[in-house]
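Each remark here refers to the structure printed beneath this line.
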Amino acid sequence: MRRARLAAGIFLLLVAAASLLAPLLAPAPYARQFREDTNASCSRQHPLGTDGLGRDRLSRLLYGTRVSLVLAPAAALLATLLAGVAGGTAGLAGGWIESSVMAAADLFLSVPWLFLLITVRALLPLNVSPLASVAITFALLGCLGWAGTARIAGAEARALRTSDMILQARASGCSAVRLLRKHIGPNLADTLLTQFWLSIPVFILSEANLGLLGLGVAEPLPSWGSLLRELGSLSSLGAEPVRFVPLALLVLTVSSFQFVLHREDARL
Amino acid sequence: MTRRSVITALLTLSLTLYPARSQTGNQLRFCIGASPRTFDPLLVTDEPSETVRYLTGGVLVRLNRQSQQLEPGVAVSWKVSPDSRSIRFVLRENLLFSDGTPFSSEDVAFTLNRLNDASLHSPVADAFRAGDGKIVPRVESKNTISIAFPAAIVGLDKLFDQLPMLSAHSPHKEMAVLGPYYVADNKPGAYVLLERNPNYWKRDSKGHPLPYIDSLRLDVEQNRDLEMMRMLRGDIDLINSLDPEQYEHLKTRAPAKAVDAGAGFDTEQIWFNQVPSAPIPAYKKLWFTSTAFRRAVSLAIDRADLARVVYHGDARPATGPIPQANRKWFNSTLRPLSFNPPGALDKLRQDGFALRNGVLNDKDGHPVEFSVVTNSGNKAREEMATMIQQDLLAIGIRLNIVTLDFPSLIERISRTFDYEACLLGMVNDDLDPNAQMNIWVSSADNHQWNPNQKTPATPWEAEIDRLMRLQASTSDFNKRKQAVDRLQQIVQEQEPFIYLVNKEALAAVSPRLRNLAAVPLRPQLYWNVEWLWLAPQAEARR
């Protein structure tokens with residue numbers, strides 16, 4: 142298990158490094174269309190061939206990985222922070238505040254994400270650059286993804302509130318700020334950190350789902366979701382194996398995130 | 017050529033055109049996207065119902081989809097009055113509906129009276145409505161009927177291609193039909209089974225009753241990939257319309273099944289929002305209402321590349337609203353705009369734009385950047401938008417592509433007008449340009465770039481209004497053609513719609529299917545269904 146964790150960690154580091162070095166490693170600009178060379182096979186010029194518009198697949202994969210790997214953790218961080226604030230407050234305050242926050246979390250969990258995202262995205266301003274569009278997409282994912290983690294954080298905070306440790310601290314005259322900083326914060330942080338790591342692959346997959354529907358990152362910026370669209374038809378069944386590289390990378394990366402987390406860390 | 021070889025050739029030809037009786041008794045299978053919503057031919061709004069209507073309906077006149085000419089249906093002859101306000105039909109004698117009920121001019125009157133019923137809300141009736149008042153059918157004899165309209169209708173006779181006759185007396189109501197097939201079974205969500213109408217009037221030159229094929233099974237299949245897999249397996253015999261990617265896949269896997277029916281009538285176009293009240297910056301409205309700007313954008317788009325790359329060569333650069341395939345109405349003096357980025361920049365400079373450090377700026381220094389909306393899930397449109405994005409970047413214009421779900425897109429382009437440019441297509445099923453009245457007249461809802469105008473916003477829109485009204489007010493073909501030619505010329509000069517490509521009509525068909533004459537007009541493969549027949553498997557392999 143330890144070896145698998147190590148391999149997964151190294152794999153994630155390599156993927157992250159390759160994406161960060163995209164400007165150096167990419168054989169061509171990710172948006173450039175080699176229109177005389179569409180759907181080309183692997184070659185020295187295009188190691189993973191070209192897509193239907195003649196864009197270099199390797200370049201798009203490297204930049205797409207950067208987009209997905211930078212913004213999915215950012216969305217996960219946003220969702221975890223929101224969940225920490227909402228769940229922590231609910232759990233510690235108890236009473237009607239807890240009931241209201243948990244009811245809101247239940248409501249968010251019951252709403253079909255995909256339709257909500259499609260609706261919210263349709264209301265956004267149209268004239269934004271692809272980079273802003275991708276940031277908005279992930280910010281939306283982050284804002285909508287807090288509920289599950291908030292319930293866990295809420296339960297943890299409630300348990301802490303009634304724990305002997307906190308009762309003793311209160312009895313000793315510990316102030317509310319010190320209570321939060323020294324006792325509740327560090328104890329909740331472990332849970333939130335675990336939830337943060339667990340939600341990264343969820344956000345990667347959410348973006349990929351949106352991308353498959355054509356509602357993800359705006360062209361010409363690549364993302365794993367938009368790269369996977371190449372496999373979205375029957376003709377892809379007989380396609381060259383290189384077309385499946387983005388899919389393989391997505392599966393390996395998501396699996397690696399799961400491996401990196403030690404089972405005991407994942408407090409669900 | 018010896019006498020023997022001549023006889024052999026004639027025999028082969030006759031076998032191709034006229035199947036042996038043993039070859040007629042089989043079933044043609046194909047898919048429809050959903051179960052038909054209705055079997056009432058006057059209430060058809062969806063494609064599956066339209067398919068059933070076409071295959072079962074007996075119409076007074078039928079448009080030959082190949083010659084694009086009207087042919088007699090259950091009427092042997094017809095005459096439109098010079099003022100285009102009435103039409104007189106002489107019907108075939110001794111015809112029977114599929115259930116054996118006799119057909120007469122009373123049934124025609126019954127059908128038209130039902131069409132008059134406002135409470136029916138028949139979509140078919142819209143095309144027949146002209147001016148206030150009702151359609152007045154007058155039965156002259158058992159086989160003769162005159163129909164008067166409250167106002168002139170251009171292409172009056174052609175409208176009857178869409179109007180199957182109903183029986184006034186049959187207990188089976190709309191299920192009694194005069195077409196080649198009747199609905200024998202319907203399992204919602206699964207299939208519709210059509211059986212050969214034993215009372216169908218048409219016969220081949222040797223006196224064989226038509227249709228040749230005994231039954232049609234229309235399987236309900238929503239998933240187009242599964243439909244294609246069934247086609248490849250030989251479970252179904254045809255797919256009426258394929259997208260370019262499916263077509264290329266079919267050409268690789270089963271080239272004998274791939275059919276290109278030629279240039280289609282549908283168009284793909286981009287347009288700018290010119291609505292004065294639209295919530296977009298005033299300086300952008302100035303760009304979008306500038307003919308030079310629209311023309312420059314058009315010149316900067318490489319249509320040949322769009323056709324070659326996005327449609328794999330199965331499309332042609334578009335010229336205007338009427339595609340070249342519409343032989344009767346296309347203005348043959350027009351040519352597609354050639355790709356000319358330097359020419360585009362010249363036009364922009366003349367209009368006060370300037371290219372600085374690769375960015376185009378207007379005369380007030382605003383960098384030229386706008387968004388184009390299109391519907392998500394349409395891969396071809398998204399790819400076209402991406403290619404146009406690169407083309408426009410070459411002249412310093414930054415294009416942002418926004419894909420929206422269809423309802424949101426329609427809301428923006430039809431109600432809130434909160435968009436800058438839009439890329440969409442238009443389905444053209446009607447060859448007559450009068451059908452595009454609701455697009456070109458400036459007061460129309462579908463005058464997409466600036467709908468519902470009280471008075472035309474520009475002189476060229478006023479001129480288009482005049483031309484459309486002119487062509488609608490006369491039945492003189494030459495006058496109409498002149499007006500429509502001029503309309504096409506104005507549209508190409510002003511480019512309210514920047515036409516991109518005309519797609520080829522692509523289809524899949526079993527090599528067993530004989531007498532096939534694939535055409536771009538719907539229904540592309542089975543428009544002559546009564547003449548189709550299926551060869552036995554062994555013969556098809558040969």
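Just so you know, the protein sequences line up as chains A and B, in that order. Take the first sequence: its letters are residues 142 to 409, numbered as in the numbering used here. Take the second sequence: its letters are residues 17 to 558, numbered as in the numbering used here. Even for Gly, the Cβ is constructed at its ideal location relative to N, Cα and C.
- Under DSSP, B:W549 shares a beta bridge with B:R530.
- The alpha-carbon separation between B:L194 and B:Q510 amounts to approximately 47 angstroms.
- Residue B:T268 holds the alpha-carbon nearest to the alpha-carbon of B:L248 among B:D235, B:T268, B:Q238, B:L376.
- Using a Cβ-Cβ cut-off of 8 angstroms, B:A401 counts as an interface residue toward chain A, since at least one Cβ of chain A sits closer than that to its own.
- In the three-state reduction of the DSSP assignment, A:G195 falls in the coil class.
- Scanning its chain for C-beta atoms nearer than 6 angstroms, with the 5 sequence neighbours on each side dropped, one finds around B:S120 the residues K158, in chain order.
- According to the DSSP assignment, A:A359 belongs to no alpha helix (DSSP H), since it is labelled neither H nor E.
- Segment contact: the region 258-265 of chain A against the region 275-290 of chain A, three or more CB-CB distances shorter than 8 angstroms; contact assigned.
- Neighbours of A:Q186 across chain B, judged by C-beta separation under 7 angstroms, do not exist; the nearest C-beta is about 18 angstroms away.
- Excluding residues up to 5 positions away in sequence, S51 lie with their Cβ nearer than 6 angstroms to the Cβ of B:P204 in the same chain.
- Any Cβ of chain A closer than 8 angstroms to the Cβ of B:D251 would place that residue at the interface, and such an atom is absent.
- Using a Cβ-Cβ distance cut-off of 8 angstroms, the region 139-148 of chain B and the region 78-88 of chain B are not in contact, since fewer than three pairs of beta carbons, one from each stretch, lie closer than that value.
- For the region 275-297 of chain B, the set of residues with a beta-carbon nearer than 8 angstroms to any beta-carbon of chain A is empty.
- The beta carbon of A:A163 is closer than 7 angstroms to those of L203, Y204, R207 in its chain, skipping five residues each way along the sequence.
- Any Cβ of chain B closer than 8 angstroms to the Cβ of A:Q336 would place that residue at the interface, and such an atom is absent.
- Runs of the alpha helix (DSSP H) lying entirely within the region 59-104 of chain B, each at least 4 residues long, are 63-72 in chain order.
- The C-beta distance from B:L371 to B:L361 rounds to 6 angstroms, short enough to fall under 8 angstroms.
- Within the region 227-306 of chain A, the runs of alpha helix (DSSP H) at least 4 residues long that lie entirely inside it are, in chain order, 236-251, 254-264, 271-285, 288-302.
- When DSSP states are grouped into helix, strand and coil, B:A521 belongs to the strand group.
- With distances taken between CA atoms, B:S424 lies nearest to B:Y435 out of B:R414, B:L415, B:Y435, B:N416.
- B:L537 places its beta carbon 8 angstroms or farther from that of B:A523.
- A direct Cα-Cα distance of roughly 6 angstroms separates B:S186 from B:T117.
- Looking at the backbone, the Cα of A:A215 and that of A:L267 are separated by about 23 angstroms.
- At a cut-off of 8 angstroms between C-beta atoms, A:S270 counts as an interface residue with respect to chain B.
- In this structure, the alpha-carbon of B:Q469 lies about 20 angstroms from that of B:Q487.
- Annotation: B:V384 has no Cβ neighbours in chain A at a cutoff of 7 angstroms; minimum Cβ distance is about 12 angstroms.
- For A:V386, no beta strand (DSSP E) run applies; the uninterrupted alpha helix (DSSP H) run containing it begins and ends at 386-401, by DSSP.
- In this structure, the straight-line span from the alpha carbon of B:N416 to that of A:S270 is close to 6 angstroms.
- Taking every protein chain shown into account, the CB of B:S387 has 16 or more other CB atoms within 10 angstroms, so this residue is buried.
- Contact of B:V418 with chain A is assigned, a C-beta pair being separated by under 8 angstroms.
- For the 8 angstroms CB-CB criterion, B:D235 and B:R45 form a contact.
- In this structure, B:Q504 keeps its C-beta atom at 8 angstroms or more from the C-beta atom of B:P292.
- For A:E381, there are no neighbours in chain B by C-beta distance under 7 angstroms, as the nearest C-beta there is about 13 angstroms away.
- In the three-state DSSP reduction, B:V388 falls in the strand class (E or B).
- Along the region 246-273 of chain B, the alpha helix (DSSP H) occurs as fully enclosed runs of 4 or more residues at 260-269, listed in sequence order.
- B:K203 carries a strand assignment under DSSP once its states are collapsed to helix, strand and coil.
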